[in-house]
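Heads up: the sequence lines are chains A and B, in that order.
So for the first sequence, this note's numbering puts the first residue at 332; every next one is plus one.
So for the second sequence, this note's numbering puts the first residue at 332; every next one is plus one.
Read through the structure below, which is laid out as structure tokens, and then see the notes.
2 protein chains.
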Amino acid sequence: MKAAQVKLTDGPIDLDEFARLKALYGPLAESVRELVDATIRTEVDDEVIREVHAEIEAATAKLRARQLDGSFGMRTTVTGETFSWGNASVGLRNAVAPPLVIESDGAGRYWTQVTLGAAYEGPPGLVHGGVCALVLDHLLGVTGSADARRLTGTLTLRYRRGTPLGPLHAEARVASVDGRKATVRGTLSDAEGVTVEAEGIFVAPAASV
Amino acid sequence: MKAAQVKLTDGPIDLDEFARLKALYGPLAESVRELVDATIRTEVDDEVIREVHAEIEAATAKLRARQLDGSFGMRTTVTGETFSWGNASVGLRNAVAPPLVIESDGAGRYWTQVTLGAAYEGPPGLVHGGVCALVLDHLLGVTGSADARRLTGTLTLRYRRGTPLGPLHAEARVASVDGRKATVRGTLSDAEGVTVEAEGIFVAPAASV
Numbered sequence: 332m333k334a335a336q337v338k339l340t341d342g343p344i345d346l347d348e349f350a351r352l353k354a355l356y357g358p359l360a361e362s363v364r365e366l367v368d369a370t371i372r373t374e375v376d377d378e379v380i381r382e383v384h385a386e387i388e389a390a391t392a393k394l395r396a397r398q399l400d401g402s403f404g405m406r407t408t409v410t411g412e413t414f415s416w417g418n419a420s421v422g423l424r425n426a427v428a429p430p431l432v433i434e435s436d437g438a439g440r441y442w443t444q445v446t447l448g449a450a451y452e453g454p455p456g457l458v459h460g461g462v463c464a465l466v467l468d469h470l471l472g473v474t475g476s477a478d479a480r481r482l483t484g485t486l487t488l489r490y491r492r493g494t495p496l497g498p499l500h501a502e503a504r505v506a507s508v509d510g511r512k513a514t515v516r517g518t519l520s521d522a523e524g525v526t527v528e529a530e531g532i533f534v535a536p537a538a539s540v
Numbered sequence: 332m333k334a335a336q337v338k339l340t341d342g343p344i345d346l347d348e349f350a351r352l353k354a355l356y357g358p359l360a361e362s363v364r365e366l367v368d369a370t371i372r373t374e375v376d377d378e379v380i381r382e383v384h385a386e387i388e389a390a391t392a393k394l395r396a397r398q399l400d401g402s403f404g405m406r407t408t409v410t411g412e413t414f415s416w417g418n419a420s421v422g423l424r425n426a427v428a429p430p431l432v433i434e435s436d437g438a439g440r441y442w443t444q445v446t447l448g449a450a451y452e453g454p455p456g457l458v459h460g461g462v463c464a465l466v467l468d469h470l471l472g473v474t475g476s477a478d479a480r481r482l483t484g485t486l487t488l489r490y491r492r493g494t495p496l497g498p499l500h501a502e503a504r505v506a507s508v509d510g511r512k513a514t515v516r517g518t519l520s521d522a523e524g525v526t527v528e529a530e531g532i533f534v535a536p537a538a539s540v
């Protein structure tokens, strides 16, 4: 049986369909994340590398038989929630994204627990400084958009020490709001404490506040 | 015939072996980048998604039959050049990395031309602010490490406007050097001009200068 697929040209989708698609695409992207990791770390013989290369090209061709013209963008459910499955930090369908899962206590504190492996390396054994920025930019952006959608205006990162690959915690809170601008502060930490401090100014497009 | 593989426990590798491994792993990672893009954009039927999912899991298992315990880290050639094929922004073997190729005029200017597609999306149709930070952090870090290896101390990004997905240009130059610290400024641009400005202070570990 041929089932309906997510089409960006369709309108908002109902929650059953949302759950069904999540259960379909989530595991696919998760398997691609594992493949990304294995591609970096493998030490198998050349002929196996070439064999896998051919298999991946064939799998990609199957997926590309019918695809969106451009990027995923943003869709909405019938209840008005948005989802950006192609997003580089939180996208369910994007193997570049860890993906971050952002939680909130409902009282202004936002956080995420994430384990960053070999694919996020910068200096040996450490998370790339730019990946620390990716995590903090997204978390601070969500935190600063709680009352109105805002985009990054400025972001300042202070790297106190290297962030080891492995389990990490990031958290953020709004420091102040001034009309379209929200100032948000946050940190990235390992088990020993803070590794990176961040401050961001997030600004709503003129029309949206 | 069983060929030798990159092992992190091995010493520096000669240039012929470096070229051979580059030609083996480069195309593998490139095929995984295509797969990442297709995973985000595909609209094929559910049964094809499930079939591809199973194929990717099988391919990953083949690669994992023998692999590094941890991340790739950094290796050196016999001529003293280092390579970080697992790096999240420039890693040849890392499908998370576009990968950036950084060029220099030999007179202090460093730049990179990169096309960022669906896997780097933030707001619909735009590059994720954190991905802009990843590009600029790496480029500025290389620029600030020309005379001595330095790591990111602070990084400040000013987002002038959204950066469209597509072909982009980033460039950077050292503004000043003060012992272990280098101040570097750079920009990210599309065809219309600058989208993000960056300033970074990069610091050498105490022992290395």
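Note that the Cβ used here is the ideal one computed from N, Cα and C, for glycine as well.
All values derive from a computational prediction rather than experimental measurement.
Proximal residues to residue i (C-beta, below 7 Å), its chain only, five neighbours per side dropped
| i | result |
| --- | --- |
| B/SER476 | PHE533 |
| B/ALA360 | LEU423, ARG424, ASN425 and ALA426 |
Three-way DSSP call (helix, strand, coil) for residue i in this model
| i | result |
| --- | --- |
| A/GLU378 | helix |
| B/PRO358 | helix |
| B/GLY524 | strand |
| A/LEU399 | coil |
| B/VAL337 | With a pLDDT of 49 at B/VAL337, under the threshold of 50, the modelled position of this residue cannot be trusted; read the value that follows with caution. In the structure shown, B/VAL337 sits in coil (DSSP, three-state: anything other than H, G, I, E or B). |
| A/ALA503 | strand |
| B/GLU412 | coil |
| A/ARG364 | helix |
| A/VAL383 | helix |
| A/ARG372 | helix |
| A/ASP347 | helix |
| B/ALA537 | helix |
| A/ALA389 | helix |
| B/ALA513 | strand |
| A/LEU352 | helix |
| A/LEU496 | coil |
| B/ALA428 | coil |
Span of the alpha helix (DSSP H), counted from its first residue to its last, around residue i
| i | result |
| --- | --- |
| B/ALA464 | 460-475 |
Distance between residue j and residue i (C-alpha atoms, nearest Å)
| i | j | result |
| --- | --- | --- |
| B/SER539 | B/ARG480 | Per-residue confidence for B/SER539 stands at a pLDDT of 49, beneath the threshold of 50, marking its modelled position as unreliable; no derived number is given. |
| A/THR518 | A/TYR356 | 31 Å |
| A/HIS469 | B/ALA428 | 18 Å |
| B/MET332 | A/TYR451 | Low confidence applies here, because B/MET332 scores a pLDDT of 36, under 50, leaving its location unreliable and the question unanswered by this model. |
| B/ASP368 | B/ASP509 | 43 Å |
| A/HIS384 | A/THR391 | 11 Å |
| A/ALA501 | B/ARG511 | 29 Å |
| B/GLU365 | A/LEU366 | 12 Å |
| B/ALA335 | B/SER415 | With a pLDDT of only 43 at B/ALA335, under 50, the local geometry of the prediction cannot be trusted, and the value read off the model is given with reservation. So the two alpha carbons sit approximately 19 Å from each other. |
| B/GLU523 | A/SER507 | 33 Å |
Distance CB(residue i)-CB(residue j) smaller than 9 Å
| i | j | result |
| --- | --- | --- |
| A/LEU496 | B/GLY448 | no |
| A/LEU457 | A/PRO536 | no |
| A/GLY531 | A/LEU465 | no |
| B/ARG395 | A/ARG372 | yes |
| A/ALA513 | A/TYR441 | no |
| B/VAL515 | B/THR474 | yes |
Element boundaries [beta strand (DSSP E), containing residue i]
| i | result |
| --- | --- |
| A/LEU486 | 482-490 |
| B/ASP478 | First-last for B/ASP478: undefined, no H or E at that position. |
| A/SER420 | Careful: A/SER420 lies outside any beta strand (DSSP E) and carries neither H nor E. |
| B/ARG440 | 440-447 |
| B/ILE433 | 433-435 |
6 Å CB neighbourhood of residue i in its chain, flanking five on each side removed
| i | result |
| --- | --- |
| A/CYS463 | THR494, LEU519 and VAL527 |
| A/GLY453 | HIS459 and GLY460 |
| A/VAL409 | PRO343 and ASP345 |
Own chain partners of residue i with C-beta closer than 8 Å, once the 5 adjacent residues on each side are dropped
| i | result |
| --- | --- |
| A/THR446 | PRO429, GLY497, PRO498 and LEU499 |
| B/GLY417 | SER402, PHE403, GLY404, ARG424 and ASN425 |
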